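Which chain is which? The protein sequence lines are A and B, in order. Counting along the first sequence from 1, when you hit position 105 you're at 107 in this note's numbering, and nothing is skipped either side. Counting along the second sequence from 1, when you hit position 13 you're at 1085 in this note's numbering, and nothing is skipped either side.
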Amino acid sequence: MIPVCALQDLPAGEAVRIAGDVPIAVFNVDGTLYAIDDTCTHQDASLADGWLEGCFVECPLHASCFDLRTGAPSGLPAKNPVRTHHVVVVDGHIYVDAAVERVGV
Amino acid sequence: MNTIAIVGASLAGVSSARALRERGFDGNIVVIGDEPHRPYDRPPLSKDFLAGAISEADLALVTSDDADLDLDWRLGHRAEALDPALRSVVLDSGERIVTDGVVLATGARARLLPGRTVPGVHTLRTLDDAVALRAELVPGAHLVVIGGGFIGAEVASTARTLGLTVTVVEQLPVPMAGPLGAELGQVCAQLHGDHGVQLITGTGVADLAGTDRVRSVLLTDGRELPADVVVVGVGAVPNTEWLAGSGIELTRGVRTDARCATNIPSVVAAGDCAVADNPYAGRAVRLEHWTNALEQPATAAATLLGHEHTANPRAPYFWSDQYGARLQFAGHHRDGDHIEIVEGDPAARRFTAVYRRADRAVAVFAMNQPKIFGRWRRELTAAVVLSG
Chain A
3 MIPVCALQDL PAGEAVRIAG DVPIAVFNVD GTLYAIDDTC THQDASLADG
53 WLEGCFVECP LHASCFDLRT GAPSGLPAKN PVRTHHVVVV DGHIYVDAAV
103 ERVGV
Chain B
1073 MNTIAIVGAS LAGVSSARAL RERGFDGNIV VIGDEPHRPY DRPPLSKDFL
1123 AGAISEADLA LVTSDDADLD LDWRLGHRAE ALDPALRSVV LDSGERIVTD
1173 GVVLATGARA RLLPGRTVPG VHTLRTLDDA VALRAELVPG AHLVVIGGGF
1223 IGAEVASTAR TLGLTVTVVE QLPVPMAGPL GAELGQVCAQ LHGDHGVQLI
1273 TGTGVADLAG TDRVRSVLLT DGRELPADVV VVGVGAVPNT EWLAGSGIEL
1323 TRGVRTDARC ATNIPSVVAA GDCAVADNPY AGRAVRLEHW TNALEQPATA
1373 AATLLGHEHT ANPRAPYFWS DQYGARLQFA GHHRDGDHIE IVEGDPAARR
1423 FTAVYRRADR AVAVFAMNQP KIFGRWRREL TAAVVLSG
C-alpha cells in the first residue's frame, strides 16, 4: 500500500502524482477516487497534469483521453491503456494498492 | 462515392483515412506517399529519436491493429498531377488513380538555403533526414544550427545531450518572435545559454565553406564558425507545386474554407499544406502543427462525404521540448497583444503567460506548467466567428 495524502488534501476535480519507479496519478472525481499509471502511453507526459472531464482525463501534451475506470484510451494518439490501481481510504488517508498485475507484459 | 485518394501518407493523411472509416465510408481508400516508409510520427525526429532513445518502430502511426482500416497503399510514389476533369491523380510511376474524391494532405518540406549544398549540411523533416543526421552527431563535434526556431532549438538541445559543441545562428534579433512575440521569444532563447549553447542573433549566414565536406559557416558580420555538422532549420514550404494547372486555388498553400473544402468539388485539404479559414487567427492560416494534422482531417472527411459537420476547431496548439523544458502554446498571437505572466516566474523557467487583446485572452504560453496551461487553453476565445 502506497500512502498518497490526506483525503482532505485532494478535493474534487484535483489530481496528485506519486513519484516512483512507475509514477501513479490519483484523481478525485466528485468524491470517487481513481488511480492510474501517471505516464501517458503515447509520449512522456504526466496525466496528473491533465484535464479532468467526468471519468476521463485528457493528456496535457497531445490530448489522448483515458477512462479512469478502465485505463482505456478513447482515441488517438494513445493506443495502449494505462494500468488502473485500487484506491482505499483508511482513517482519512488515501492509499493506493499498486500490486496489480501489469497488463500485457 | 466508391474510391477516395488521399495524397500524403503522414499524420494528416493517416488521420483522414481513419476519419473516413469512422464516418462509415467503406469504399476503396488509396493512400499515396512519396516516402518509402510506412507512416511515422515526426515530432520525435528532433528529440528522442535523434537522441537514440527510441527506434523507428516506436514512430509507427499505423500498426497491425489498424488492419481493419483496409487501406490501399502507394508508398514510395509521388503524386505528379491532379486532373479534376478526369477525376484522377497521376503518380510518378505513370499510374493514374481514378477516384471520386481527393484529400490533399501533402504536407510541407524543409526549406533549404539558397545556393549549393555540401556533405555535412542537413535539414530535418523526414525519417531519412533524422537517420542521416544522427550518424553525424558524435561527441565533441561542432554543430552549427542555422535558424533559432523550434526545430533548430530542439536539435541544438538534443545535440548538447549527445556531447556536441553547439552554436545557433538566428537572423532575427529574437528567435521565435513570430509565433511567441519578442518578449517570450527572448525568455525561450535564454534556454540555450542556460545549457552551454551559444546563440548568435541578428546575423545572417553568408556562405558555407568546405568542398568535400562542410568546414565552417560564414556569417554576414564576417565571423567564421567552425562546423563539423550543420543543420538548416529555416522553416518549411508546402508541397503544392504538383497542383499547378489543376485549377486548385493556391495561396501560400491549398486554399480552403473552414470546412476544408477547396474551390473544386470533391477535393478537400488538411494538415500542413492547407491554408484554411481559422476563427482564432481571424483569417486564413497555414498551420504546421502536429495537433492540427491530427484533428483537422475529421472536418475534411465530413466535408468530402457530404456529412453535416460544424467546423469547430480548438485553438491552434503546439508544444516543444528543449533542454528538459516543456514549452506549450495555444491560440494566435499578434503584435500589440498585452502579455501577462499569470503564474510562476520566467527566471525560474517555470511560468504561464496569457496574451490579451481588448481584455480577451487570445493565446497562452507555458514553460513547465502543463496543468495551468491546460486550464488557460480552454479559456481562449476566437477572434471571429466563422459562418458555415
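For every residue, glycine included, the Cβ atom is placed at its ideal position computed from N, Cα and C. Treat the numbers as computed from the prediction; the structure is a model and nothing was measured.
Put simply, the CB of GLY52/A is near chain B, with a gap under 8 Å to one of its CB atoms. The C-beta distance from ALA1372/B to SER1165/B rounds to 26 Å, too long to meet the 8 Å contact threshold. In its chain, beyond the 5 residues on either side, ASP99 have a beta carbon closer than 6 Å to the beta carbon of HIS88/A. Looking at LEU1122/B, GLY1080/B, PHE1423/B, the one whose alpha-carbon comes closest to that of GLY1224/B is LEU1122/B. When Cβ pairs closer than 8 Å are counted between the two stretches, the region 1414–1428 of chain B is seen not to touch the region 1359–1367 of chain B, the count staying below three. Excluding its 5 nearest sequence neighbours in each direction, TRP1145/B has C-beta neighbours in its own chain below 6 Å: VAL1103, listed in chain order. The C-beta distance from VAL28/A to ALA37/A rounds to 5 Å, short enough to meet the 8 Å contact threshold.
Think of a sphere of 7 Å around the beta carbon of ASP1137/B: the chain A residues whose beta carbon falls inside it are LYS81, in chain order.
Residue-level contact check: TRP1145/B does not touch chain A, since none of the beta carbons of chain A fall below 8 Å from its beta carbon.
Looking at the DSSP output, ARG1110/B shares a beta bridge with no other residue.
At a beta-carbon threshold of 9 Å, the residues of chain A lying near PHE1445/B are ASP51, PRO62, ordered along the chain. Looking at the backbone, the Cα of LEU1297/B and that of ASP1407/B are separated by about 33 Å.
Counting only runs of 3+ residues, the beta strand (DSSP E) found wholly inside the region 1182–1220 of chain B occupies 1214–1218, in chain order. Residue pairing by DSSP places TYR1427/B opposite ILE1411/B, ALA1435/B in a beta bridge.
Shown here for VAL1434/B: same chain residues with a beta carbon closer than 6 Å to its own, the five before and five after excluded, namely GLY1403, TYR1427 in chain order.
When Cβ-Cβ separations below 8 Å define contact, LEU12/A makes no contact with chain B. Identification of residues in the region 1376–1403 of chain B having a C-beta nearer than 9 Å to some C-beta of chain A yields ARG1386, TYR1389, TRP1391, ASP1393, ARG1398, GLN1400, given in sequence order.
Contact note: LEU70/A does not reach chain B at a C-beta cutoff of 7 Å; the least C-beta distance is about 16 Å. In this structure, the CA atom of VAL6/A is about 5 Å from the CA atom of TYR97/A. Around the beta carbon of PRO1310/B, a 10 Å sphere encloses 16 or more other beta carbons of the protein chains shown; the residue is thus reported as buried. Each residue's CA atom was taken as its position, placing HIS44/A and ARG1295/B some 43 Å apart. The beta carbon of GLY1179/B sits closer than 7 Å to those of GLY1080, SER1082, ALA1084, ASN1311, GLY1343, ASP1344, CYS1345, all from its chain and outside the five residues before and after it, given in chain order. Neighbours of LEU78/A in chain B, taken as residues whose beta carbon is under 8 Å from its own, are SER1087, ARG1090, LEU1366 in chain order. Cβ-Cβ distances below 7 Å link VAL1193/B to LEU1280, VAL1286, VAL1302, VAL1304 in the same chain, with the five nearest sequence neighbours on each side left out; the list follows chain order. Per DSSP, ASN1364/B is one residue of the alpha helix (DSSP H) stretching across 1362–1377. Beta-bridge pairing by DSSP links ALA1261/B to no other residue. Taking 8 Å as the threshold, the shortest C-beta distance from ALA47/A to chain B falls below it.
Scanning LEU1234/B, ALA1383/B, ALA1228/B for the CA closest to the CA of ALA1261/B turns up ALA1228/B. Put simply, the backbone Cα of LEU1147/B is about 26 Å away from that of PRO1337/B. Counting along the chain, TRP1448/B sits inside no beta strand (DSSP E); it lies in the alpha helix (DSSP H) bounded by residues 1442–1449. Taking one beta carbon from each stretch, the region 1323–1342 of chain B and the region 76–95 of chain A have fewer than 3 pairs nearer than 8 Å; the two do not touch. In terms of Cβ geometry, PRO79/A and SER66/A form a close pair [threshold 8 Å]. If the five residues before and after GLY1253/B are omitted, its C-beta is found closer than 8 Å to the C-beta atoms of HIS1405, ASP1407, ASP1409, ILE1411, TYR1427, all from its own chain and listed in chain order. Between the region 1267–1281 of chain B and the region 1238–1256 of chain B there are three or more inter-stretch CB-CB distances shorter than 8 Å, so the stretches are counted as touching.
Positions of the beta strand (DSSP E) runs, each at least 3 residues long and wholly inside the region 1266–1315 of chain B, are given as 1270–1273, 1277–1281, 1288–1291, 1296–1298, 1301–1304, 1308–1310 in order along the chain.
For PRO1442/B, the nearest CB of chain A lies under 8 Å from its own CB, placing it at the interface with that chain.
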